[in-house]
Every structure is written in structure tokens, then in C-alpha cells.
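Heads up: the protein sequence lines correspond to chains A and B, in order.
FYI, in my numbering the residues of the first sequence are 261 to 695.
FYI, in my numbering the residues of the second sequence are 261 to 695.
Yeah, the Cβ is synthetic: ideal placement off N, Cα and C, and Gly gets one too.
Since this is a predicted model, take the numbers as computed values, not measurements.
First comes the structure, then the notes that go with it.
There are 2 protein chains.
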Amino acid sequence: MRADLLLDSARFVLVCDEQATALPDTSVAIADGRIVAMGPATELRDAIEADRVIDARGHLILPGLVNLHTHLPMTLLRGVAENVDLQGFLSLVWAEEARVMDPEGVELGARLGAVEALLGGTTTALDMYFHPEAAHRGAVSAGLRHVIGPVFFSFPGPDGLSWEQRMEIARAWPEVVRRIGGPYVPVAYMPHAPFTVDIENLSQIAELARETEGIITTHTSENESENRDTLESRGMRPTACLDVSGVLSLQPVLAHGVRLDADDRRVISAAGASVAHCPGSNLKLASGAADIVGYRSDGIRVGLGTDGCSSSNDLDMFAVMRLAANLARLVRDDPAAISAADVVRMATLEGARSLGLGDRLGSVEVGKEADLVLIDARVPHLTPLHDPYTAVVFAAGRSDVRHVLVAGQVVVDDRRVMRVDVDAILAAAQARVGS
Amino acid sequence: MRADLLLDSARFVLVCDEQATALPDTSVAIADGRIVAMGPATELRDAIEADRVIDARGHLILPGLVNLHTHLPMTLLRGVAENVDLQGFLSLVWAEEARVMDPEGVELGARLGAVEALLGGTTTALDMYFHPEAAHRGAVSAGLRHVIGPVFFSFPGPDGLSWEQRMEIARAWPEVVRRIGGPYVPVAYMPHAPFTVDIENLSQIAELARETEGIITTHTSENESENRDTLESRGMRPTACLDVSGVLSLQPVLAHGVRLDADDRRVISAAGASVAHCPGSNLKLASGAADIVGYRSDGIRVGLGTDGCSSSNDLDMFAVMRLAANLARLVRDDPAAISAADVVRMATLEGARSLGLGDRLGSVEVGKEADLVLIDARVPHLTPLHDPYTAVVFAAGRSDVRHVLVAGQVVVDDRRVMRVDVDAILAAAQARVGS
């Protein structure tokens, strides 16, 4: 059998299926962007004729990580707002955004963010930011599977657009995604939050998403003051706004979801919506600790995200996995609150499912698109190696990522980003913020 | 002025003094193991004649990190005990220890741990383990500043020694430290915990430490069940045991200190003892979240530690810094609970002070020993760079460490450990555990 690429003799393949399968001494063959064969290394070496072979001895292969909530262009605002709560944070950040974030800045920031994400093993990101076309162009240029879409506020907002202008941009969005190309992603629409988008406007977005088979993501119950603000301005909690407007029936990705009460959870579970858990940001801004173990037992799908770099302050999904695992143990007062395999699955398959991409992505299985990460485990902090899922969550880090594939293309090769000039991006980013 | 080494033109030197000084475009000159000059890069380039120059452009220089509580040889037990609480953890680990941890295993594990620690920017570790001489030999061989000493139990314990044997080993310990050599460290004595060492025995250790000017470290109030066990067996809480036995007056390092009540805190503060905060281990084992901001305002010195690799599961002090900063925000419900500079100082100067080494180590100042770490900040996740302390805590990681100096010696040079064969250590470690 012919293949474009053979990943030869991985120490373990972490399938990330429900059974938390880990296959020792296994090879993976890729053709036309998909996984076409997987099996014992000795068998595949005979059966596969590949254009390129990557020596995966000593490596772990896992599905590309899915960052389910981020603001990639905000890499440019990394570290500008420190020691403040969410509301103080937003005022500092909004001032700096006005200074640096024109379309050119957004494209640069998204390209920088995509580079950082890919180097750390993230292959798919659900992004949200102004000037989504510029952001999409920047992130796709580095090779990231980049889900973004128009942002909505019921008031002019930092980008100064009227509601009519927003809807016009939104109706044209599917065409923009087609034109820019890049790895397959769904069309997406991004109401900022129920406290900034009123219920009528939310309904209009839901209608558009239904017509175009798009997905929706929005900030939901990030902290108590957001809940209070929403209750005051809309007469109901954020989740209820999403419910009555029809957004919730489209199974949106609810960013943060730190402060969901029992009613919220019941409604979210019934609708089949997902929560994008961002523990790094939530702790740093003292928003609280989402009870993801409780959410999961309520039947809510939970994926993981970093949030933007002005609150997190990086895009390290390995740090997020470890923190999610540790924080769940604290919140539940139970050292067995969640298994390492469940955490890795939240960062991969559950993330992909949240984006409606569960059939294409999120696990290492024949037929799926080859979004894959190769971790070099021949390092002190991963030695000795017992259960590979435990190693990934509690000891591995972004620096162990050696190769990254998106849709079968090697976008990070031996730690080098292949499609863009990283040094030039770093210089441009530092110059743009003027420090 | 002559120097052995010039670190030329660092982007920032993080002094880690009380003022959180960060010096831009600064060079550091080192001779005979000490910092002999520090100042603007242009000035030092003219003033210093150095045998070697390291180009530090784009780098951050910070003091070597002090891991204030670990069990280095337990690298060999990484990942063997998962999803269990502290007591379940101890039974799994003690069984595996009996299998692999003879003196040869301990030396190998400590050498592996020292390599991992150094590669991640840790220059000093307060270690605790059986067969301390073997552990010390292993860790010193890699170049680590390694503080360890005899472990005490009032019962035979996993190493099967009687109390008389323990005291005999302890009396001979200062001579062992002298004989093995290595960078300067204090003599240390290590009663396991007040629930495993009775008060009379604690008094004997205190007396020995006083005679030999040694330091003491012990586990203290790691979780509620430890507090209960101590109360039952000794009739008082762990801190009270240390107080009445005279240990506390020697300003010991109290490992964990998760569950300290108001009385404990008052007594610890009055005595000038330190807490080694190990948030990664504490969360993973669901021991709880120490209120370090409260401890600090009570006047208790707080340093940071990883704990052993069977509970943490690595020796990553950057992960610990980030978690300590984030967890403090959650515990205090305050996004300004503790500054990044305070966290870096806990991991450096406060750690050094806790070991009685505050005059020698822990900050980048002329006259101090040159235990230094150079971080390459020319990477996507550290770009753009604003406040360097914030960057170190919330975005940097162990993989950014490029050079590490201990007492002026370059023990990690361009990411390579210089004194031992890392590949051979990894192979031996994997072979020893038999997986």
C-alpha cells in the first residue's frame, strides 16, 4: 500500500478513544491527509511504501490538541494587564487594543499565536477576535486549523461596527472561509456574550447559523459579576438568554462556564452544548474554578482552552491539561476525580466533537484526518515511562513536541515551523508593541 | 578586571531582591564562583577581561531556582501510583520502593533527578530520601547543589534501621558531606514527620542539629488525616510536636504545611520557620490548597517545591511557580493576591533563606555565588515581552532554560548537561524499573 508518510515505530500511540487505548510499538501511515493504516511496526514496515518515513522510535503519537477557546491575536497583548480582575482586565486590554489592533496587527498577532500553538502541539483552535478575516489569514498561513468568525456586540464595540454592518459581514463570512482556504473548518459565528448581545440579536445569529450550518461560540458565566450584569440587563442568567434566543439548540461552545448553577447545567446538558474550560485564565483572573467533573456527570461535554494571551499568558495546552487535572482534584476533594486519559480526551476528541468535527478529528484512528502530534519521550522528565496518558498530563510539556501534522501535512518538522519565518514574526511583533 | 566568565548583554537581569529589580541590557561577570561585577553591557564589555563570554542577548538571567522539597530518587517511581490519596499513595510507593530502591537505585534515581532539575533551571534542591549518601553522590555528580541528610523514623521504617543505627549514621553525616564534596551545602537532618517520629526522638535530632549547626526539614500538616494521626498518636498537632521538641526553634523547613491552623501559624511565624509549598503535589493528591498569601502576611517565609516524582510527576519549578501564582488567586478570590515578582522570589531568594543560604544565594547581586539561569526569551510564547517577572511566572517554561551555572560552573551549556551521560542514565533508569 502506498502512503505519503509513515510514522514508524512509535513507543505508544495514544488513540484517545473511550477505552483510553494505548498501542505500544505501533506505526501510522498517512495518505491524502488521512490515516490509512495503523498497526504493529513490523507489519507496517513491510506493507507500506511511503514517500517519507519519520522515525518515531521513543515517541508518543497523540491526536492534535484542540484549543477550544482562545483569542490568538492577543498574543500581541501578552502581559499588558496584570493583577486585575476580569472587569479591570477588560478596560486595560481594550485601551491597548485600540492602539495596536488594526487588521494588520490582528493578522500578525494571529500568525504569532498560530506559530506558538503549533509548536506546542495544538492543531485546531476555536479563536474569537475582531477583524476575523485578517486573523484567519494570519493563522492559516502558519498551517493551523483555525475556526473563527464574525464577533457580535449589540452596541458599536471596540471595532465601531453597527449591527447592520455586523450582519452583513456575517452573511459574507462563509465565502471568506472558502476563499482563504486552509484545512477544513466549519463556518462560525461569535456573539461576544449574553451581557453584550441582546436576546433579539442572539436570535438573529442563531437563525443565520442554522441557515448556513454554522457553529456558535460565546462567553458564558465566566464569573459572578458577568452573571449579575446579565441578570440586570436581560432579566435572566446567561444560559437562559442563550436558551430563549435559540442559540443553545445549536449546541454552541460556551467559553469558561465557571459559574453555572444547577438550572444552567440541566439546560446545557439537555441541549447538547459544550463548555470550553479555561482553568489558567479562570484562576489568574480569580473568576473561580469550574466543577468540570460535576458538569461531565451531568452529561455536559467539556473541552479545554487557554483563553487569550493577555489573561493566560500563553497558549500552552499541556499546562492547561495538567492544571485541569489538578484543579478537578482540588474542587472535588478527590485524588481520583478525573483520570489522565479523560483529560487528554477533553483536549482532543471532546474538543473536536464540540466543534462538530468528531467524525474527522480528535483520535488516532484509520479514516480520520491526520492531525497528529509526535512527542519525544526520550527525556529525563518522561523517564521512566509507565502509563503514557499519565505522562502526557502530569509530566510532558510543550517542549516535548517534535513533529506536528495538520491534515497530513507536516507543519512542524523537528521543532521547526515550516510555512512562515518565525524570527521575522517575533521581530515584527516586538516592534509593533514598541517595547 | 579579570573574570572567568562574562554573561554579555542580557535583555533583563531579574535581581529578585525585595524591590523586584529588573535591569535591562545588563552583563554579569563571574570569577572564582562568585558574581564579581554587574552593570550596563557596554561598560562591562570594556572593563572585564573574561576567559569565556556567553552571548546573553535576548536572554533573561535569573537566580538558580531552589526546589525546597523533593525526593529526587523517586524519579524512578514516576507514575507508579495514580488516582489515590496520600495514604493510598504511600502504600503503593512503599511497595515499589522495596523492589527498586537499594543504594544503587537511589544513586541512579538521584542522578536522573538532578539532571532533570538542572535542565529545568533548578540549581539547589532540598532532597529527602533513604540512603542519603548514595543520593548525595548521584546528585552531586551531575553538578546540583544538593541538600540532603539522614531520614528518621521512630520505627524501623522501609529501610529497616533501628533508632540507634539512625543516630549513628546521623553523627557521621557531616563527614560524608565533606568527603563527597560538591558545591557548598549545609548539613541537614530529616525526621520524616511528627506522626512517624516521636517527641523524644525529635528532641534528640534537634540536639544533634544544634551541636553540628545543621538544618532540619520534616513533613508537616500535609493533609487533614496527617493532622488527625498526629493528634491521636502524640496528643497534639504536628506543629506543636515540633515546638515542644525544640525542632521549631531551629527554623526548620516544613514541607507542605497545607493544613495549618491559626495556632500553628502563630507559632511557626514566631519561630522563624519556613513552609515549602508544593502545590502540584498537594492538588494531585487532593491534600488541599495552602493559603500561602495568608502565611506570608502572618510573617511566615514560604518557598516552593515540587515534591517527589511519584506525586508531582516531574521536577518542573516553572510549573510550580505558575501554579502557586494561580492557586493563590483562587484561594484568596483575588487576582492581585500575589505578584509575579513575589512568586519568583519564593522560588529563589526565599528558598535560599529557608536553607540558611540567603547570604550566599538566591539573588543576582555582586558578592553572591553564581548560581544562575539563562532563559532564551526569543521564542513565540515569550513575545512580546513586557515585565520579565510576569513572563517567567505566566509564560516561560523549563524548556526555555539554555544555560545553568552552579557556583560559577556551567553545568548546563546550551541545553546540554555537561558532567554526566544523560542517554546512559535514561537507559539505566528504564531498565531498572523493567518497563
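- In the structure shown, B:H396 adopts helical secondary structure according to DSSP, grouped into three states.
- In this structure, the alpha-carbon of A:D387 lies about 14 Å from that of A:P512.
- Judged by DSSP secondary structure, B:T490 falls within the alpha helix (DSSP H) whose first and last residues are E484 to R494.
- Listed as beta-bridge partners of A:L379 by DSSP are no residues whatsoever.
- Flagged as an interface residue toward chain B: A:H641, by a C-beta distance shorter than 8 Å.
- With respect to the C-alpha of A:G565, the residue from A:I528, A:D524 and A:E610 having the closest C-alpha is A:E610.
- The C-alpha of B:P333 lies about 15 Å from the C-alpha of B:A341.
- Rounded to whole angstroms, the gap between the alpha carbons of B:L350 and B:L502 is 23 Å.
- Scanning chain B for C-beta atoms nearer than 7 Å to the C-beta of A:P392 yields nothing, as the closest lies near 21 Å away.
- Boundaries for B:F415: no alpha helix (DSSP H) harbours it, and the DSSP string shows neither H nor E there.
- For secondary structure counted as the beta strand (DSSP E) over 3 or more consecutive residues, the segment 491-557 of chain B holds these complete runs in sequence order: 513-516 and 534-537.
- Taking the C-beta atoms as reference points, B:G409 is found no nearer than 8 Å to B:A370.
- Residues of chain A with a Cβ closer than 7 Å to the Cβ of B:K628 do not exist, since the nearest Cβ in that chain sits about 28 Å away.
- Taking a contact as a CB-CB distance under 8 Å, the pair B:V400 and B:G373 does not count as one, their CB atoms being some 12 Å apart.
- DSSP links B:H319 through a beta bridge to B:D636.
- Residue-level contact by beta carbon holds for B:F654 and chain A, with a gap shorter than 8 Å.
- Contact annotation for A:E376 against chain B: V639, P640, H641 and T643 [CB-CB distance below 9 Å, chain order].
- Chain A has no Cβ within less than 8 Å of the Cβ of B:S481.
- Between B:V633 and B:L352, the gap from beta carbon to beta carbon reaches 8 Å or more.
- A:V375 and B:P640 do touch by the CB rule: their CB atoms are close to 5 Å apart, below 8 Å.
- By the Cβ test, the segment 305-320 of chain B is not in contact with the segment 589-596 of chain B, since fewer than three Cβ pairs between them sit closer than 8 Å.
- Residue pairing from DSSP places A:S287 in a beta bridge opposite A:G299.
- In the DSSP assignment, A:S351 falls within the unbroken alpha helix (DSSP H) covering L346 to V360.
- Around the beta carbon of A:T302, a 10 Å sphere encloses fewer than 16 other beta carbons of the protein chains shown; the residue is thus reported as exposed.
- Put simply, the backbone Cα of A:V275 is about 22 Å away from that of A:A597.
- Taking the Cα of A:I475 as reference, the smallest distance to any Cα among A:A500, A:E484 and A:V445 is reached at A:V445.
- Within chain B, R338, G339 and N573 have C-beta atoms less than 9 Å from the C-beta of A:A651, given in sequence order.
- Under the DSSP assignment, B:M581 falls in the alpha helix (DSSP H) whose first and last residues are M577 to R592.
- Distance from the Cα of B:S571 is smallest, within the candidate group A:A651, A:H452, A:A531 and A:I528, for A:A651.
- With respect to chain A, the C-beta atom of B:S269 has no partner C-beta closer than 8 Å.
- What A:N343 touches in chain B, judged by beta-carbon distance under 7 Å, is P595, A596 and S599, going in chain order.
- Here the alpha carbons of A:D558 and A:A530 stand approximately 9 Å from one another.
- In the structure shown, A:H406 falls within a strand segment according to DSSP collapsed to helix, strand and coil.
- For B:G694, the number of other beta carbons within 10 angstroms of its own is below 16, and it is reported as exposed.
- Counting the other Cβ atoms within 10 Å of the Cβ of A:F415 gives fewer than 16, which makes it exposed.
- Interface with chain A (8 Å Cβ-Cβ cutoff): B:D576 is included.
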